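Residue numbers (the numbering used here): 42 to 354.
Reviewing the structure listed below.
Quick look at the structure:
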């Protein structure tokens, strides 16, 4: 057991109505949202769960987050369980404060596991065990990397890379109309960077050690699938949007979607557009950061411009 403070978490209720009301969504960030000192505001409030996480992980999570010695928080096998734990505690704290229940939960990449936890699909221990394994496997598939590419739609970007003879690069995330993420092996990314620079297309390398959400994760996918079979998953008590489809999880598909998420792109823009289609307004809150909020606002603005254009305004 994780200690008595597990009682602080209650499954949220659903309330989404596609008939025209404002819907409320909670977002959870993924790898890249970690920072030195994270969790300092919640570790002391949930000592039982914090000790449990440290015992399961085999190291003092509090000191790692506080000190980040040797930049350990940038190592995938540490980043993922640490960020999952911290944002789980923030979620429990939000519920303790009786924040409004969500109609939808969704997370970006790793954040999807926090969304599933918030929706009651699994408990904290199960989620942490799965995320720990995920981080270890993804770290083992080292080599390659990821880059964010700005102001070039994905179809056009892939066409340009093909024209320039760049192979072995996949789209790893459709974040907004103005930003996609590509992933590939080291040599493929170097070729992609050279091609983008020659065309004057802005890009930024991401601080990750492998090509996540791409074909390069296939070598670890089967082991992750076998590991997932050890667990039982409940159906979500709150609608969760899948990164793989950009739509709500269908019944009985959680292990399949989590496996596919390793090797398929994060469809964040599609996920947000789905939410925007469910009512006349969208309210939202991000747990543990604000990077997703910026992307959501970008998508909202793009959709508003499209509506105005179609109406002739």
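For each residue, glycine too, the CB sits at the ideal point set by N, CA and C.
In this text the structure is predicted, and so the values were computed from the model without any measurement.
What first and last residue would you give for the beta strand (DSSP E) that runs through residue i?
i: residue 103; result: Not the beta strand (DSSP E): residue 103 falls in the alpha helix (DSSP H), residues 102 to 108.
i: residue 323; result: 322 to 327
Which residues bound the alpha helix (DSSP H) around residue i?
i: residue 304; result: 295 to 304
i: residue 91; result: 88 to 98
Comparing C-alpha positions only, which one of the options sits nearest to residue i?
i: residue 269; options: 285, 244 and 301; result: 301
i: residue 98; options: 333, 123 and 74; result: 123
i: residue 152; options: 115, 344 and 309; result: 309
i: residue 162; options: 321, 317, 239 and 281; result: 281
i: residue 323; options: 344, 332 and 305; result: 344
i: residue 181; options: 285, 70 and 257; result: 257
i: residue 79; options: 127, 92, 96 and 111; result: 127
i: residue 214; options: 164, 333 and 261; result: 333
i: residue 188; options: 170, 224 and 277; result: 224
i: residue 221; options: 205, 193 and 231; result: 193
i: residue 298; options: 266, 226 and 341; result: 266
i: residue 149; options: 104, 283, 101 and 81; result: 283
i: residue 70; options: 63, 171 and 156; result: 156
i: residue 262; options: 89, 108 and 177; result: 177
i: residue 243; options: 185, 191 and 205; result: 191
i: residue 140; options: 335, 312, 325 and 342; result: 325
i: residue 116; options: 129, 77 and 81; result: 77
i: residue 246; options: 205, 186, 204 and 81; result: 186
i: residue 313; options: 296, 293, 292 and 335; result: 335
i: residue 41; options: 94, 173, 251 and 100; result: In the structure displayed, the chain extends from 42 to 354; residue 41 sits before or after that span and is not available.
i: residue 278; options: 142, 218 and 72; result: 142
i: residue 145; options: 339, 290 and 296; result: 290
i: residue 72; options: 120, 293 and 113; result: 120
i: residue 226; options: 175, 184, 168 and 337; result: 184
i: residue 75; options: 133, 63, 170 and 107; result: 107
i: residue 248; options: 195, 112 and 342; result: 112
i: residue 264; options: 93, 179 and 132; result: 179
i: residue 296; options: 218, 171, 239 and 217; result: 171
i: residue 64; options: 230, 315 and 82; result: 315
i: residue 337; options: 216, 294, 285 and 275; result: 216
i: residue 104; options: 259, 165, 230 and 81; result: 81
i: residue 83; options: 68, 114 and 131; result: 131
i: residue 129; options: 230, 87, 260 and 239; result: 87
i: residue 68; options: 136, 159, 118 and 274; result: 159
Let me check one thing: in DSSP terms, what residues is residue i bridge-paired to?
i: residue 307; result: 214
i: residue 80; result: Its beta-bridge partners do not exist; DSSP assigns none.
i: residue 282; result: 289
i: residue 275; result: Looking at the DSSP assignment, residue 275 forms no beta bridge with any residue, so it has no partner.
i: residue 66; result: 145 and 325
### Contained alpha helix (DSSP H) runs [length at least 4] in the region 130 to 191, N- to C-terminal order
152 to 159 and 165 to 181
### Task
Please specify which runs of the beta strand (DSSP E), each continuous and at least 3 residues long, are wholly inside the region 194 to 273, giving them in chain order.
210 to 217, 220 to 225 and 244 to 246
### Query
Are the region 259 to 273 and the region 225 to 243 touching by the rule of at least three beta carbon pairs closer than 8 Å?
no
### Query
Is the number of C-beta pairs between the region 196 to 205 and the region 314 to 331 that are closer than 8 Å three or more?
no
### Three CB pairs or more closer than 8 Å across the region 322 to 339 and the region 290 to 307
no
### Query
Do the region 244 to 258 and the region 206 to 213 make contact, defined as three or more Cβ pairs closer than 8 Å?
yes
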